[in-house]
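189 is the number that my numbering gives to position 179 of the sequence shown; each next residue is one higher, with no gaps.
The beta carbon of each residue, even a glycine, is placed where N, CA and C say it ideally should be.
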Amino acid sequence: MLEYSPGLAGVPAARSKISSLDGTKGILEYRGIRIETLAEKSHFIETAYLLLFGKLPTAPELTRFDQDLRNHRRIKYRIVDLIKCLPENGHPMDALQAAVAALGMFYPDKDVLDPKIQYISAVRLIAKLPTIVAAYTRLRRGDDHIQPRDDLGTTENFLYMLSGKVPDKVVSEILDICLILHAEHTMNASTFSGLVTASTLADPYTVISSAVGTLEGPLHGGANERVLTMLEEIGSVEKVRPYIEAKIKAKERIMGMGHRVYKVKDPRATILQGLSKRLFKHVGTSPLYEIAVEMEKIVEEHLSDKKVYPNVDFYSGILYQAMGIEPDSFTPIFAMARVSGWLAHAIEQVQDNHIFRPKEIYEGNRAQDYVPISNR
Ligand code: COA
């Protein structure tokens, strides 16, 4: 009998050609290309193409993909109305999940094995997620939804839809790199959740809404928002040591630290830290950065034996906040990027599909009598 592995740790759930990571060396590759190289040379849309189609696009392929994305950014007014009806103090991830699930009712792309359906639904989802995120951010404050602008790139357009202003080039370039870094990460919880849904041959909108729901949790994508709250709560460099030591004593998790696979600092955290320095030179520094650096040092002192180091969520929140983005939008931004990885896995899954049906180890009672309600 196979041994039970809590959290399926170490249990292969799929064969994949999309990304690979070496947790002891801190190496992450998308389709065989190092994340550092993509962060330096690529841009999010090209990386999304790479993930979806397994190769870097030629110039005409990229132009077509980019144009298709620009053409599908708008969301139907009924989706805008749906978003308007959601509580303004709800979490944007819940709004995103609801709107993505609703998209599937407008685009009944049910033949998930048809490459044309796979292409157009991937385009719609990658193009529309930023519009939904920006729409909820504005509508919940009582501001009007801003229509996307076709002349702007994906990331520039997202920032434009948030504020109504064409963003600073450096800021949008840095955010675009953040999207590359968040686009894919092998068999994580949300990808697995999307795969399970895809294995039932559910439509891509249902697949992505499952994955969005899973990403929301504090042990997954929701950690980035909580890192910022934690840094703000600590408030100063001197208070870091007592805070961390108290957390460790109470056996509580430190947000943005630790990873199931990485046993060294997450390479994306290293890139994000470098990007924060670049951003601060441009927009002014954040007091939270010094607190984060001190925290990294003290966590290393105490938890390096358990191989707990900063993960992708540790520096991303500081960066997004310095860009003027609200903390509860951090995880939706993660989803805007990760949708490309989720879709790549869903397409891979249905090409050689087996519905997921793992075993469980039954530990409950057997051969019980039915006790009538009057005797219980
Ligand atoms: N803070 C403090 N201790 C931590 C820790 C953290 N963030 N992450 C792991 N540890 C410790 C555990 O307490 C455990 O110690 P023990 O062996 O004495 O019990 C040990 O390291 C191994 O942890 P484990 O729970 O087995 O690791 P995991 O692979 O199941 O968990 C995470 C991985 C990501 C869920 C976990 O590191 C975590 O909760 N991190 C904080 C949330 C976060 O940032 N999530 C985003 C991930 S990208």
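Asked, Found
"Just to confirm, is the Cβ distance from asparagine 234 to phenylalanine 54 under 9 Å?", "no"
"Starting from the C-beta of leucine 189, find all residues in its chain whose C-beta is less than 6 Å away, skip the five residues before and the five after it, and write them out in chain order.", "Phe54 and Ala347"
"Round the Cβ separation of glycine 231 and serine 220 to the nearest angstrom and send it over; I've been treating them as touching at under 8 Å.", "At roughly 14 Å, the Cβ-Cβ gap does not stay under 8 Å, so glycine 231 and serine 220 are not in contact."
"Looking only at its own chain, which residues have a Cβ that is under 7 Å from the Cβ of tyrosine 325, when we skip the five neighbours before and after it?", "Ala279, Leu282, Gln283, Ser286 and Ala302"
"On the DSSP bridge list, what partners appear for serine 29?", "Tyr40"
"Expressed to the nearest angstrom, what Euclidean distance is found between the alpha-carbon atoms of threonine 224 and phenylalanine 116?", "23 Å"
"With a Cβ-Cβ cutoff of 9 Å, do tyrosine 146 and proline 102 count as a contact?", "yes"
"Kindly indicate which residue of Pro320, Pro337 and Ala377 has the alpha-carbon position closest to the one of glycine 327.", "Pro337"
"Count the other C-beta atoms from every protein chain shown that fall within 10 angstroms of the C-beta of valine 309, then say buried if there are 16 or more, exposed otherwise.", "buried"
"Which of the three DSSP states, helix, strand or coil, is assigned to proline 118?", "coil"
"Whose CA, out of Thr57, Gly334 and Asn198, lies closest to the CA of glycine 17?", "Asn198"
"Give every residue of the same chain whose Cβ lies closer than 8 Å to the Cβ of tyrosine 14, excluding the five residues on either side of it in the sequence, and list them in chain order.", "Ile371"
"Just tell me which of Gln157, Val21, Leu238 and Arg134 has its CA closest to the CA of serine 339.", "Leu238"
"Let me check one thing: in DSSP terms, what residues is methionine 171 bridge-paired to?", "Beta-bridge pairing links methionine 171 to no other residue."
"On the three-pair Cβ rule with 8 Å, is the segment 153 to 163 touching the segment 69 to 86?", "yes"
"Does the segment 209 to 218 touch the segment 306 to 322, meaning 3 or more C-beta pairs lie closer than 8 Å?", "no"
"Determine the direct distance from the alpha carbon of leucine 241 to that of isoleucine 127, and round the result to whole angstroms.", "44 Å"
"Given a cut-off of 9 Å, decide if alanine 109 and isoleucine 136 are closer than it, judged by their beta-carbon atoms.", "no"
"Under 9 Å between the Cβ atoms of histidine 292 and serine 29?", "no"
"Between glycine 36 and lysine 275, is the Cβ-Cβ spacing less than 9 Å?", "yes"
"Let's see if you can read the secondary structure: which residues bound the alpha helix (DSSP H) around tyrosine 87?", "87 to 94"
"Using 8 Å as the cut-off, can you tell me whether the segment 41 to 49 makes contact with the segment 119 to 126, which would need three or more C-beta pairs spanning the two stretches below that distance?", "no"
"What I want to know is whether the C-beta of glutamate 358 ends up closer than 8 Å to one or more non-hydrogen atoms of the ligand COA.", "no"
"Taking only three categories from DSSP, how would you classify proline 320?", "strand"
"Report the start-end ranges of each alpha helix (DSSP H) in the segment 227 to 260 that is 4 residues or longer and not cut off at the edges.", "233 to 244 and 250 to 259"
"When you compare only the Cα positions, how much space is there between leucine 12 and arginine 263?", "30 Å"
"Which whole runs of the alpha helix (DSSP H) in the segment 195 to 223 are 4 residues long or more, in chain order?", "199 to 208"
"Taking only the alpha-carbon atoms, compute the straight-line gap between leucine 211 and leucine 139 and give it to the nearest angstrom.", "22 Å"
"Just to confirm, are leucine 61 and serine 350 a CB contact at a threshold of 9 Å?", "yes"
"Could you tell me which residues DSSP puts in a beta bridge with methionine 267?", "Pro320"
"Output yes or no for whether 9 Å exceeds the beta carbon distance between leucine 353 and proline 252.", "no"
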